[in-house]
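Each residue of the sequence shown is one higher than the last, beginning at 196 in this note's numbering.
Glycine included, C-beta positions come from ideal geometry on N, C-alpha and C.
It should be emphasised that the depicted structure is a prediction, and the values quoted were computed from it without experimental measurement.
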Amino acid sequence: MAGMFIEVTVDAKVADDRDLARKLDEVCPVGIFDSSGETLRIAEENLDECVLCDLCLEVGPKGAVQVRKLYE
Ligand code: SF4
Numbered sequence: 196m197a198g199m200f201i202e203v204t205v206d207a208k209v210a211d212d213r214d215l216a217r218k219l220d221e222v223c224p225v226g227i228f229d230s231s232g233e234t235l236r237i238a239e240e241n242l243d244e245c246v247l248c249d250l251c252l253e254v255g256p257k258g259a260v261q262v263r264k265l266y267e
């Protein structure tokens, strides 16, 4: 099943910030952040494409975006 090995979470204050949501959408090379709606959507269908580049972690306050591997 797609998206079962990576979990991406974004604090609500970042998800609701249009500029930060757009930045996340721009930096992620595999389209995991969708800023086209009113609030940021995590594109669950793309989660298994995450390359763990950590570019999203640079957007917003420290710890606001988290990418977790659910495997070793
Ligand atoms: S680590 Fe890279 S590929 Fe994964 S969600 Fe963040 S920006 Fe996208």
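Counting C-beta atoms within 10 angstroms of its own C-beta, F228 has 16 or more neighbours from the protein chains shown and is therefore classed as buried.
Boundaries of the beta strand (DSSP E) harbouring E202: I201 to V205, taken from the DSSP string. One Cα belongs to I201, the other to E253, and the distance between them is close to 18 Å. When only Cα atoms are considered, E233 and R213 end up about 8 Å apart.
The C-beta separation of C223 from L265 comes to about 18 Å, leaving the pair out of contact by the 8 Å criterion.
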